[in-house]
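> First, the structure itself, so that you have it in front of you.
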Amino acid sequence: MAESSSAAAHRIYFRLQRAAQALKKRADEALSTDGELTTAQAAVLMIIRQNGPVSQREVARILQHNESAMTAMVQRLLALGHVERRRSLHDVRRWELSVTLAGQAALLRATSAFSEVNHALESALVHEELATLARLLDSIIEMGTGR
Numbered sequence: 070m071a072e073s074s075s076a077a078a079h080r081i082y083f084r085l086q087r088a089a090q091a092l093k094k095r096a097d098e099a100l101s102t103d104g105e106l107t108t109a110q111a112a113v114l115m116i117i118r119q120n121g122p123v124s125q126r127e128v129a130r131i132l133q134h135n136e137s138a139m140t141a142m143v144q145r146l147l148a149l150g151h152v153e154r155r156r157s158l159h160d161v162r163r164w165e166l167s168v169t170l171a172g173q174a175a176l177l178r179a180t181s182a183f184s185e186v187n188h189a190l191e192s193a194l195v196h197e198e199l200a201t202l203a204r205l206l207d208s209i210i211e212m213g214t215g216r
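Numbering (the working numbering), first residue to last: 70 to 216.
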């Protein structure tokens with residue numbers, strides 16, 4: 070009997086979940102030496118830095134999180150002094166987030182932790198496999214977001 074090539078037969082969803090969890094755990098462990106940021110907080114800071122000033126709603130949309138979860142995350146980052154919130158110059162109803170100098174410094178430290186995780190991936194896979202994996206993951210992300 071031929072082996073099935075379906076996603077279910079290969080338990081693709083399960084394997085993606087396990088891989089994501091393993092990488093998140095490894096990144097959290099690398100970040101914990103500094104103890105300042107979690108991977109989720111670092112992701113939010115990166116999005117704000119890349120797109121800022123940006124609304125909380127936009128950050129939630131980019132990361133595909135619900136707005137209530139993003140509110141709690143932004144509150145923690147505000148309390149840590151890593152982001153600041155200001156009224157938009159174009160729409161007084163809108164609050165815009167920017168990364169502070171302290172947030173930029175925290176991101177710089179987090180970058181080395183993420184570099185450790187990427188180095189581990191580079192040690193486990195050859196260049197062609199990394200390129201293929203990146204392409205496949207992009208396809209899955211597009212499928213999941215409906216783009």
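Each residue gets a CB set at the ideal place from its N, CA and C atoms; glycine is no exception.
Pick from A77, G213, A89 and R80: whose alpha carbon is nearest that of A108?
The identity of residue 108 in the sequence shown is Thr, whereas the question assumes Ala. T108 has its Cα closest to that of A89, out of A77, G213, A89 and R80.
> Below 7 Å between beta carbons: does that hold for V168 and R118?
For V168 and R118, yes; Cβs fall inside 7 Å.
> Within its chain, find whatever has a CB closer than 7 Å to the CB of M70; leave out the 5 residues flanking it on each side and keep chain order.
In this predicted model, M70 has a pLDDT of only 43, less than 50, meaning its place in the structure is not dependable enough to derive any value.
> May I ask you to report which of helix, strand or coil DSSP gives R156?
Correct three-state label for R156: strand.
> Starting from the Cα of H188, find the closest Cα among V161, A96 and M212 and give me that residue.
Ranking V161, A96 and M212 by Cα distance to H188 puts A96 first.
> Can you give the Cα-Cα distance for L146 and L206, rounded to whole angstroms?
Taking the straight line from one Cα to the other gives about 29 Å.
> Quick one: Cα of L100 to Cα of L106, how far?
Cα to Cα, L100 sits roughly 7 Å from L106.
> Who does V143 pair with in a DSSP beta bridge?
V143 pairs with nothing; no bridge assigned.
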